[in-house]
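What follows is a short report on a single structure.
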Amino acid sequence: MLKSLSTLQSASFKLVRYVSTASELAPRIKTFSIYRWNPDKPGEKPSMQNYQVDLNDCGPMVLDALIKIKNEQDSTLTFRRSCREGICGSCAMNIGGRNHLACIWEIDQDVSKPTKIYPLPHMYVIKDLIPDMNNFYAQYRFIEPYLKKKNVTEEDIGKKTYYQSVEDRAKLDGLYECILCACCSTSCPSYWWNGDKYLGPAVLLQAYRWLVDSRDDYTYERLSEFQNKWSLYRCHTIMNCTETCPKVSKLISLIPVIIKISNYMNRTGSIF
Numbered sequence: 048m049l050k051s052l053s054t055l056q057s058a059s060f061k062l063v064r065y066v067s068t069a070s071e072l073a074p075r076i077k078t079f080s081i082y083r084w085n086p087d088k089p090g091e092k093p094s095m096q097n098y099q100v101d102l103n104d105c106g107p108m109v110l111d112a113l114i115k116i117k118n119e120q121d122s123t124l125t126f127r128r129s130c131r132e133g134i135c136g137s138c139a140m141n142i143g144g145r146n147h148l149a150c151i152w153e154i155d156q157d158v159s160k161p162t163k164i165y166p167l168p169h170m171y172v173i174k175d176l177i178p179d180m181n182n183f184y185a186q187y188r189f190i191e192p193y194l195k196k197k198n199v200t201e202e203d204i205g206k207k208t209y210y211q212s213v214e215d216r217a218k219l220d221g222l223y224e225c226i227l228c229a230c231c232s233t234s235c236p237s238y239w240w241n242g243d244k245y246l247g248p249a250v251l252l253q254a255y256r257w258l259v260d261s262r263d264d265y266t267y268e269r270l271s272e273f274q275n276k277w278s279l280y281r282c283h284t285i286m287n288c289t290e291t292c293p294k295v296s297k298l299i300s301l302i303p304v305i306i307k308i309s310n311y312m313n314r315t316g317s318i319f
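Below you can see the structure in the form of structure tokens.
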């Protein structure tokens, strides 16, 4: 009797295990609708191309799906990627209508609707999902994002350490984490309309990072660069930037940055 019961339990376990395994292996086909444009084919307009991926055989992130598509279905699909850990900012793109890093944005598990993927909005496109970042980097270069000292001798260069208090160092928290992915700037309508003049959220955040660094001696000179109506004062508090930033959680709202920069300018008298 006991032997028969044991045999029955074993058979039942195998049956349940088989049903569970079969259920797990049932295909879950997800459609990815991806923006395609090839500059080598100037006669062809941009279009959306659909790819099907079995989510049971794919990593959890959108970048996993893109890599799988490129490796197994279409080697011509072009996109940037590097660290796969949300550190480098290379894989920034518009996923489902919002700017994200593809490497840390999870795939929508609803297989009944496609996931649409575009390059970062309102930027020139080099190919497929690759935006032209030249203007963005030129704006970053404009603010001189490095420590600047006065009265520095040749003996000091590369040798002298500039210390700061714990309190002053804490002021940089929530600022230095920015990875320049441009998710915030390319979600900003003010930047869409005036990207050639308005510096945008990411660059203004970086500008403020150097304004509050106690080791920097060029605060006044940095502020003087904002003596125009375009560089700084085109933030209309639309706040799209607060929804897209993948890194700066402490200072996710850029409005305090704008206000603090303005206050600096007022206190120094450096204002248009």
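Position one of the sequence shown corresponds to residue 48 (the working numbering), numbered consecutively onward.
Note that CB positions come from ideal geometry on N, CA and C, so glycine has one too.
Original post:
When the Cα atoms are used, what is the spatial distance from K174 to N85?
Top reply: For K174 and N85, the distance between alpha carbons rounds to 5 Å.
Original post:
N103: buried (16+ other C-beta within 10 angstroms of its C-beta) or exposed?
Top reply: exposed
Subject >> Among L251, W277, V109 and F79, the one whose alpha carbon lies nearest that of Y184 >> reply: Comparing Cα-Cα distances from Y184 to each of L251, W277, V109 and F79, the minimum goes to L251.
Original post:
Helix, strand or coil for Q253 per DSSP?
Top reply: helix
Subject >> Minimum length 3: unbroken beta strand (DSSP E) runs contained in the segment 64-121 >> reply: 76-83 and 94-101
Original post:
What alpha helix (DSSP H) runs, 4 residues minimum, are completely inside the segment 265-302?
Top reply: 266-271 and 288-291
Original post:
Can you tell me whether DSSP reads R145 as helix, strand or coil?
Top reply: Per DSSP, reduced to three states, the secondary structure at R145 is strand.
**OP:** Tell me, please, whether the CB atom of D215 is closer than 8 Å to any CB atom in chain B?
**Re:** Checking the listed chains, one finds no chain B in this structure; it contains a single protein chain.
**OP:** Sort out for me which residues DSSP pairs T162 with in a bridge.
**Re:** F79
**OP:** Leaving aside the five residues before and after Q211 along the sequence, list all residues of the same chain whose C-beta is less than 7 Å from its C-beta, in chain order.
**Re:** Excluding residues within five positions, the ones whose Cβ falls inside 7 Å are S261 and R262.
Original post:
Of all the options W277, C150 and V259, which has the alpha carbon lying nearest to the alpha carbon of R127?
Top reply: C150
Original post:
If you compare alpha carbons, which of D87, D121, R281 and L194 is closest to Q99?
Top reply: Residue D121 is the option with its Cα nearest to Q99.
Subject >> Nearest to G242 (by Cα), restricted to the options Q186, E201, D264 and I204 >> reply: When Q186, E201, D264 and I204 are compared, the shortest CA-CA separation from G242 is found for Q186.
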